[in-house]
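Asks: Yeah, the sequence shown ends on 96 if you go by this note's numbering, and it's all consecutive.
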Amino acid sequence: MLSAQQAHDLGIVNHLADEGQSATDRVVVLAQEVLKAGPLALRAAKLAIDTGSQLDLEFGLDSEATCYQTILKSTDRLEGLKAFAEKRPPVYKGE
Numbered sequence: 002m003l004s005a006q007q008a009h010d011l012g013i014v015n016h017l018a019d020e021g022q023s024a025t026d027r028v029v030v031l032a033q034e035v036l037k038a039g040p041l042a043l044r045a046a047k048l049a050i051d052t053g054s055q056l057d058l059e060f061g062l063d064s065e066a067t068c069y070q071t072i073l074k075s076t077d078r079l080e081g082l083k084a085f086a087e088k089r090p091p092v093y094k095g096e
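(1) Go ahead and label Ser4 buried or exposed: buried means 16 or more other beta carbons lie within 10 angstroms of its beta carbon, across all protein chains shown.
(2) For the alpha helix (DSSP H) holding Lys47, just list the boundary residues, first then last.
(3) Kindly confirm or deny that the stretch 34-50 and the stretch 68-80 touch, where touching means at least three C-beta pairs closer than 8 Å.
(4) What span of residues does the alpha helix (DSSP H) with Arg27 cover, start to end?
(5) For Gly53, count the other beta carbons within 10 Å of its own beta carbon; 16 or more makes it buried, fewer makes it exposed. Which is it?
(6) Is Gly81 helix, strand or coil when you go by DSSP?
(7) Let's test the definition: count the other Cβ atoms within 10 Å of the Cβ of Ser23 and tell me whether it reaches 16, buried, or not, exposed.
(8) What is the DSSP secondary structure of Asp63, reduced to helix, strand or coil?
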């Protein structure tokens, strides 16, 4: 048996709820952070993880590169770069 802190220290879990915070409340905070990301990039990342995890390293990296290629020409990517340069939150449209 491990405590939550021990599991975190060992890298078994990535996040811990703050003291007095429920796990559900912590998940909501994480979900809100994820929702700020570009929807096309999230979709591509999820696809790369889902497909790449079933492949050996070389083919997994090829799969990831293929997914990234779909984002390179997107309006959302350009918006993200522009927003970063202007030090403002990006406004993604899924395009």
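C-beta atoms are modelled at their ideal positions from N, C-alpha and C, and glycine is treated no differently.
Replies: Here's the rundown:
(1) Taking the sequence shown and counting its residues from 1, one reaches residue 4 at position 3. Counting Cβ neighbours within 10 Å, Ser4 comes out exposed, since fewer than 16 surround it.
(2) For the purposes of this step, residue 47 is taken as residue 46 along the sequence shown, with counting starting at 1. Residues 40-53.
(3) yes
(4) Position 26 of the sequence shown, counting from 1, holds the residue named residue 27. 24-36 is the extent of the alpha helix (DSSP H) around Arg27.
(5) Against the sequence shown, residue 53 aligns to sequence position 52. Buried, by the Cβ-count rule.
(6) By one-based count along the sequence shown, residue 81 stands at place 80. Helix at Gly81.
(7) Residue numbering aside, residue 23 sits at position 22 when the sequence shown is read from its first letter. So Ser23 counts as exposed.
(8) The count along the sequence shown starts at 1 and reaches residue 63 at position 62. It is helical.
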